[in-house]
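Chains as they are written, first to last, in this note's numbering: chain A, 1 to 255; chain B, 256 to 623; chain C, 624 to 905.
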Amino acid sequence: MPALLEAAGLAHRFGAIPALAGVSLSLRRQEILAVVGESGSGKTTLLNVLSGRLMPDEGEVLCDTGDGLRSLARLGAPALRLLQRTRWGFIQQDPRASLRLDITAGGNIGERLMATGARHYGRIRAAAAEWLAAVEIDTARLDDLPRHFSGGMLQRLQIAATLVTGPELVFMDEPTGGLDLSVQARILDLIRSLVRRLGLAVVLVTHDIGVARLLADRLIVMRAGRIVETGLTDQVLDDPHHACTQLLVSSVLPA
Amino acid sequence: MAYVAVKGGERAIDAAHAWRAAARRGDPAIPALTAAQIAEQFGRAVDRVMAEGSLYDRELAALAILQAEGDLIEAAFLLRAYRSTLPRFAYAEPVDTGEMLLWRRISATFKDLPGGQLLGPTTDYTHRLLDFSLLAPDRRPQPLPAAAPAATSPPVPRVADLLAAEALIEPDPATGASPADLTATPLAFPASRDLRQQALARGDEGFLLALGYSTQRGYGHTHPFVGELRTGEVAVSIIPPELGFAIEIGSVTLTECQMVNQFAGSKTEPPQFTRGYGLCFGRADRRAIAMALVDRSMRAAELGEEIKAPAQDVEFVLSHADNIEATGFVEHLKLPHHVDFQSELETLRRMRAAAAAPGHAETREDAA
Amino acid sequence: MIGYNFAYLDEHTKRMIRRAILKAVAIPGHQVPFAGREMPLPYGWGTGGIQVTASVIGQDDVLKVIDQGADDTTNAVSIRRFFALTAGVRTTTSTEAASLIQTRHRIPETPLRAGQIIVFQVPMPEPLYRIEPSRAAARRRHALADYGAMHVKLYEDITRFGRVAVAYDHPVMVNHRYLMSPSPIPAFDNPKLHLSPALQLFGAGREKRIYALPPFTDVRSLDFEDHPFHPGRAPHACALCGATASYLDEILVDDRGSRRFVCSDTDYCETRRSGLLPSGAG
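Take a look at the structure:
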């Protein structure tokens, strides 16, 4: 299957600190790739570079825009924005950063639709209600302001607002970080079922091996900006080679 | 030559004061300004100083302006300091602006309304062209305008009341309770509306103006309309305990602005306009309107609006509105700070020496 | 007026403003920054409109100035006097007779002709300002045609109130490309912007922006397919001339709630009353 995303020789520094060095990878359709590592390993920087939010100092990202593989850096701002709003999605760790708390739940979900030309109030509202149900929020809350939603509900709302345009590739940055353990489990379940049902490709950043094991087909382990280990999730986690990976695996509390 | 310690602070201060007194007087060949001239011909400055000095006395305010060489914040400071020395002998009854002897009364919300639109002595429609004829001193007494308009007699109904009669505007949140006194209790947050209003009434006009302006430009927009702006005289009454009934002790000139703002409501609750209010001493459109804008903005929490803008942040607004507090602290930076600075110098020197020392680079921790 | 150039501004300034106007006409609905000058009237009172008028007015022009639709409101009187003094041009209250009209918050009821210029006084040229107070961020949105947030605002209105709650300054899409503020004209006047034979110029002095609608430009008010734009007016007839299709002022007659409704466009009302019906009026 042709790649959806390809990165070659990515490098980036913040001042004197190398955030990425010699990173290359590729992602196929419907593939779920987890990027794991300790904080400071460069995984969030990698996510930002792959999703076009940060231009790397060196290297190139190629992506499928529906028109063959194109270089992200040469797309131009309007095309990149359109891509990020339709074919791609980005789920932040803190849903408050991407949702508008003074806009109703329905308005938040409908925003991407309206930004890409939807002009029928009834249909926008119906789509928003469908998605609210899909993320297991009571549709009676369609007209509520998210200001009073719990952390878990806000994350579900962000997921709905992101998936409403039917993206084929979703970037996720610690999607369950900051949530209670029981809430985490339910959100992960939701993500897993949605991803399978919709056939999404995912690049998922997490420091939690358990999340990677649950969701990901393939795994990349990062340390100090470099990829130190990569492979199928089960293989890597059952038989970690690199010291870093071994540390990550062993630090998980037994179920 | 051996170093001689710096002395002579008192002599320096005396000399500075003498110089300043001369600077205040200026060229002796030019006639001295009198406080009476200032009270009469610099009325807007007097109004501002009374408002920010929080003391209604035109003569004293004029004196303060004269003494302060026209620095209005300095003059307000003088008046405030004088206010501290005055005994408080009574609280006035609430003034009834509905009974105001009007010089000026306009509404931006209706073209015509009972009582009419009275322009009063406004600069609103003047063209801002320098009038060089004012450079030549008056030789002949100016004739009074053909029909010097007398103040109209009350009552002239308020726009807000006319809207309230149709329930188009939220009811006036006034209660019968006694208002708190900003000068008697230290400001704490959350602050009730009466305290907020008092702080605004004496707040720096420039600060209020900028905050009000910011809301109009989108930082907490409240959809303002001037429902009513009125300027005139209101009677001040007290109830002396010996008498047990109210007596009028005089009158003050006030400007009042009632703002009609963004309606709130929902599909179930019929929407109503909301209110903003400003009241201040003297002829002061700018201050009253700015106060009303900021007053409405500060009600954001009460009206369920998201607080995103500086003008909606009650603590921010009230903590920085008093220009006498502000100028004191800002200008205190001129005072000697060399003791603190010396310790900063020493610390900086030590840090720089440590950075330049050999072997320092290797001891830096590996970046994560 | 002695010591002042024709129409107050010096020729260099006029040329600078005309260049901005030309750019604006070339890109309908796009805001062009210009180096506005301090005028003898305060910011917010029409300085942008005055600078645009001063830059295009000529000796043979016939000038009409209205505020809230009327020629005799105080600010309209002040501005008309300003041009009478500084340009010595003929002034008129008749929409039909005018070659140049400066207006605050209304478009005349009498349809404009080819060859006429109407100059709008604009307080806030940026249609996104209530959603995005930063001008720098708003510029990016215009460049990327990123107007979703404005539709979200309308969506929220319908959700909260059952209808779009924008009564005036209802944003419009110009030439299918730029979102524009039509200035605080009532929604009732929005349809007059569309395919007008006149040249429509917009001046914002305090914010220092000029924008324009060349004749016969496509101008559509933002709405939803199932909640179409609805220009509203008070459901009454004018108490003076009986018009049922003009925008009305509500006059409070006493403090018991009695009111009358009269045409806001005083020239239109007088013309109807004098028996001379302007062409195309109802």
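The beta-carbon is built from N, C-alpha and C at its ideal position, and this holds for glycine as well.
Between which two residues does the beta strand (DSSP E) carrying Ile424/B extend?
-> Position 169 of the second sequence, counting from 1, holds the residue named residue 424/B. According to the DSSP assignment, Ile424/B belongs to no beta strand (DSSP E), since it is labelled neither H nor E.
Which class does Arg619/B belong to by DSSP, given the choice of helix, strand or coil?
-> If you number the second sequence from 1, residue 619/B lands on position 364. Because Arg619/B carries a pLDDT of 43, less than 50, the predicted location of this residue cannot be relied on, and the following value inherits that uncertainty. DSSP places Arg619/B in coil when its eight states are reduced to three.
Any chance you could list the beta strand (DSSP E) runs of at least 3 consecutive residues sitting entirely within the stretch 63-121 of chain A, in chain order?
-> 69-71, 88-91
What does Tyr752/C reach in chain B if we use C-beta pairs closer than 7 Å?
-> Position 129 of the third sequence, counting from 1, holds the residue named residue 752/C. By Cβ distance, chain B contributes Arg472, Gly473.
Along the chain, where does the beta strand (DSSP E) that runs through His12/A open and close?
-> Looking up residue 12/A in the first sequence gives position 12. It spans 3-14 - the beta strand (DSSP E) in which His12/A sits, taken as one unbroken run.
Beta-carbon separation (whole angstroms), Phe743/C vs Ser806/C, contact threshold 8 Å = Stepping through the third sequence from its first residue, residue 743/C is reached at position 120. Stepping through the third sequence from its first residue, residue 806/C is reached at position 183. Confirmed, Cβ separation roughly 5 Å.
Comparing the C-beta of Ala133/A with each C-beta of chain C, is any distance below 8 Å?
-> On the first sequence, position 133 is the one that residue 133/A refers to. Taking Cβ atoms only, chain C never reaches closer than 8 Å to Ala133/A, which makes this a no.
Locate the alpha helix (DSSP H) running through Ile191/A, then write down its first and last residues.
-> Looking up residue 191/A in the first sequence gives position 191. Counting along the chain, the unbroken alpha helix (DSSP H) around Ile191/A starts and ends at 181-198.
Specify the secondary structure class of Ala454/B as computed by DSSP and reduced to three states.
-> Stepping through the second sequence from its first residue, residue 454/B is reached at position 199. The answer is helix: DSSP assigns Ala454/B an H, G or I state.
Which term fits Trp274/B, buried or exposed, when burial requires 16 or more other beta carbons within 10 angstroms of its beta carbon?
-> For the purposes of this step, residue 274/B is identified with residue 19 of the second sequence, where counting begins at 1. So Trp274/B ends up on the exposed side.
Is Leu33/A near the ligand MG, judged by its Cβ being under 7 Å from some heavy atom?
-> The ligand MG is not part of this structure, which contains no ligands at all.
Are Leu215/A and Ile32/A closer than 8 Å when you measure CB to CB?
-> Within the first sequence, the letter at position 215 stands for residue 215/A. Within the first sequence, the letter at position 32 stands for residue 32/A. Taking 8 Å as the Cβ cut-off, Leu215/A and Ile32/A qualify as a contacting pair.
Just checking, does the stretch 784-797 of chain C make contact with the stretch 692-707 of chain C on the three C-beta pairs under 8 Å criterion?
-> no
May I ask you to report which of helix, strand or coil DSSP gives Trp131/A?
-> Counted from its first residue, the first sequence places residue 131/A at position 131. Of the three classes helix, strand and coil, the one that applies to Trp131/A here is helix, per DSSP.
Alpha-carbon spacing of Thr709/C relative to Cys864/C, whole angstroms = Start at 1 with the first residue of the third sequence, and residue 709/C comes out as number 86. Start at 1 with the first residue of the third sequence, and residue 864/C comes out as number 241. Computed Cα separation, rounded: 36 Å.
If you follow the alpha helix (DSSP H) that Cys886/C is part of, which residue opens it and which one closes it?
-> Position 263 of the third sequence, counting from 1, holds the residue named residue 886/C. Unbroken run through Cys886/C is the beta strand (DSSP E), 882-886; no alpha helix (DSSP H).
Would you kindly check if the distance between the Cβ of Leu82/A and the Cβ of Gly50/A is under 8 Å?
-> Within the first sequence, residue 50/A is the residue found at index 50, counting from 1. Within the first sequence, residue 82/A is the residue found at index 82, counting from 1. Residue 50/A is actually Leu in this sequence, not Gly. Cβ atoms of Leu50/A and Leu82/A: not closer than 8 Å.
Starting from the N-terminal side, write out each stretch of the alpha helix (DSSP H) that is 4 residues or longer and does not extend beyond the stretch 642-689 of chain C.
-> 670-679
Chain A contacts from the stretch 772-784 of chain C (Cβ-Cβ distance under 9 Å) = Ala772, Met773, His774, Val775, Lys776, Leu777, Tyr778, Glu779, Ile781, Thr782, Arg783
Could you spell out the range, first to last residue, of the alpha helix (DSSP H) harbouring Gly152/A?
-> Looking up residue 152/A in the first sequence gives position 152. Note, Gly152/A: alpha helix (DSSP H), 151-163.
So, using beta-carbon positions, are Val36/A and Thr165/A closer together than 8 Å?
-> Within the first sequence, residue 36/A is the residue found at index 36, counting from 1. Within the first sequence, residue 165/A is the residue found at index 165, counting from 1. Going by C-beta atoms, Val36/A is not nearer than 8 Å to Thr165/A.
Distance, Cα to Cα, Arg856/C vs Leu548/B?
-> Numbered from its first residue, the third sequence carries residue 856/C at position 233. Numbered from its first residue, the second sequence carries residue 548/B at position 293. Taking the straight line from one Cα to the other gives about 28 Å.
Any residues in the stretch 851-883 of chain C with a beta carbon nearer than 8 Å to a beta carbon of chain B? Which ones, in chain order?
-> Listed by position along the chain: Asp872, Glu873, Ile874, Leu875, Val876, Asp877, Asp878, Gly880.
Helix, strand or coil at Gly898/C [DSSP, three-state] = Locating residue 898/C in the third sequence gives position 275, where the first residue counts as 1. Residue state, collapsed to three classes: coil.
Cβ of Gly106/A less than 8 Å from any chain C Cβ?
-> The residue given as residue 106/A occupies position 106 in the first sequence. Closer than 8 Å: yes.
With 16 as the cutoff for other CB atoms within 10 Å, does Arg196/A come out buried or exposed?
-> Indexing the first sequence from 1 puts residue 196/A at position 196. Classification for Arg196/A: exposed.
Distance between beta carbons of Pro369/B and Asp877/C, contact taken as under 8 Å = Against the third sequence, residue 877/C aligns to sequence position 254. Against the second sequence, residue 369/B aligns to sequence position 114. Contact between Asp877/C and Pro369/B holds: their C-beta atoms lie close to 6 Å from each other, under 8 Å.
Continuous beta strand (DSSP E) assignments of at least 3 residues falling wholly in the stretch 325-394 of chain B = 356-361
What residues in the stretch 524-545 of chain B have a beta carbon less than 9 Å from any beta carbon of chain C?
-> Pro526
Residue interval of the alpha helix (DSSP H) (run including Cys588/C) | Since the first residue of chain C shown is 624 and the last is 905, residue 588/C is not available in this structure.
Which same chain residues, not among the five before or five after Lys43/A, have their C-beta less than 6 Å away from its C-beta?
-> On the first sequence, position 43 is the one that residue 43/A refers to. Val35, Gly37, Val205, Met222.
Throw me the rounded Cβ distance for the Ile833/C and His728/C pair, which I believe falls under 8 Å.
-> By one-based count along the third sequence, residue 833/C stands at place 210. By one-based count along the third sequence, residue 728/C stands at place 105. Not really, about 18 Å apart at Cβ, beyond 8 Å.
Short CB-CB distance (under 8 Å) between Leu836/C and chain A = Locating residue 836/C in the third sequence gives position 213, counting from the first residue. Closer than 8 Å: no.
For Arg554/B and Val515/B, the rounded distance between their alpha carbons = Locating residue 515/B in the second sequence gives position 260, where the first residue counts as 1. Locating residue 554/B in the second sequence gives position 299, where the first residue counts as 1. The C-alpha of Arg554/B is placed about 13 Å away from the C-alpha of Val515/B.
Beta strand (DSSP E) runs wholly inside the stretch 803-870 of chain C, at least 3 long, in chain order = 822-827, 832-836, 842-844
Could you confirm whether any beta carbon from chain A is found closer than 8 Å to the beta carbon of Asp849/C?
-> As a first step, residue 849/C is located in the third sequence; it is residue number 226 there, counting from the start. Closer than 8 Å to some Cβ of chain A, the Cβ of Asp849/C qualifies, so yes.
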